[in-house]
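Below you'll find the structure, written out as structure tokens, and then a few comments.
In the working numbering, the protein residues as written are 8 to 265.
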């Protein structure tokens, strides 16, 4: 497909402007670059639904910005959610390419496995924007757009320390760390940032990575920690709302007030 990439460039510029507008804190947004939305199909591939933000914030905001840029989201947007299954996401990406996607905006289920998607897109001269989570190990990623994830972890750790102090916990409180998915680069950076703040300030009695960011698995891990520690826990670091909800459910089931 030798002509695919030149045709995709205006579309790619529009999408990058979209993200710049969404992420910018400036009062005035920049003018949209030239391009023909009608000539562009965009695939927006999200990883899961257990984290509420994907369906309640990311997708509606993405659709809204596309409409503001002149896209018809009924025909120009190819949306799929992989429900935390890397193989499903691979199939969805392949289908999007078959259906004429000129740009893939991909939030990967698995940062390493998604390299196959980026490689496939590159072979068809389709740019890939790694959205939110980093796609690792592929030269097919054109752009990576995310938060400063290590800073997020540091802020989470600082919030936990402040809450422990406000609650009058001991000088060296005992905590459990419920991290995110080990296959998600964001979770790795969250954990690194949190450790920079928490190490030496608390006793990390138990620490777990949560496969697939699963709230149910987070609850099971927290139950294991409470059993091992005889419920003597002063606080919990949880990497996102889902893992936090799982930890809270475990604590309530154990008769604790989180």
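We put the beta carbon where it would ideally sit given N, CA and C, even for glycine.
Helix, strand or coil, according to DSSP, for residue i in the structure here?
| i | result |
| --- | --- |
| residue 78 | coil |
| residue 195 | helix |
| residue 171 | helix |
| residue 59 | coil |
| residue 264 | coil |
| residue 34 | Unreliable positioning characterises residue 34 in this predicted model, as indicated by a pLDDT of 31, which lies under 50. The coordinate reading is nonetheless provided below. DSSP places residue 34 in coil when its eight states are reduced to three. |
| residue 256 | helix |
| residue 106 | coil |
| residue 68 | helix |
| residue 166 | helix |
| residue 251 | helix |
| residue 89 | coil |
| residue 245 | strand |
Whose C-beta lies closer than 6 Å to the C-beta of residue i among residues of the same chain, with five residues either side of it excluded?
| i | result |
| --- | --- |
| residue 270 | With the chain running from 8 to 265 in the structure shown, residue 270 is simply not present. |
| residue 87 | 52, 99 |
| residue 126 | 145, 147 |
Taking 8 Å as the cut-off, decide whether the C-beta atoms of residue i and residue j are in contact.
| i | j | result |
| --- | --- | --- |
| residue 124 | residue 94 | no |
| residue 121 | residue 152 | no |
| residue 118 | residue 58 | no |
| residue 155 | residue 138 | no |
| residue 78 | residue 51 | no |
| residue 200 | residue 263 | no |
| residue 212 | residue 250 | no |
| residue 305 | residue 233 | Residue 305 lies beyond the residue range present for the chain, which begins at 8 and ends at 265; the question has no answer from this structure. |
| residue 67 | residue 116 | no |
| residue 65 | residue 73 | no |
| residue 241 | residue 180 | yes |
If you drop the 5 nearest sequence neighbours on each side, which residues of the same chain put their C-beta closer than 7 Å to that of residue i?
| i | result |
| --- | --- |
| residue 252 | 222 |
| residue 62 | 56 |
| residue 97 | 123, 124 |
| residue 192 | 118, 140, 141, 143 |
Do we get a CB-CB distance below 8 Å when we pair residue i with the residues of chain C?
| i | result |
| --- | --- |
| residue 265 | Protein chain content of the structure displayed is limited to a single chain, and chain C is not contained in it. |
The region 176-191 contacting the region 206-219, beta-carbon criterion three pairs below 8 Å = yes
Would you call the region 131-140 and the region 107-116 touching, i.e. three or more CB-CB distances under 8 Å?
-> yes
Would you check if the region 219-233 and the region 255-263 touch, i.e. whether three or more CB-CB distances between them fall below 8 Å?
-> yes
Enumerated in chain order, which unbroken segments of the alpha helix (DSSP H) with a length of 4 residues or greater are wholly contained in the region 118-161?
-> 122-130
May I have a chain-ordered list of the beta strand (DSSP E) segments no shorter than 3 residues that lie completely inside the region 175-241?
-> 181-186, 210-216
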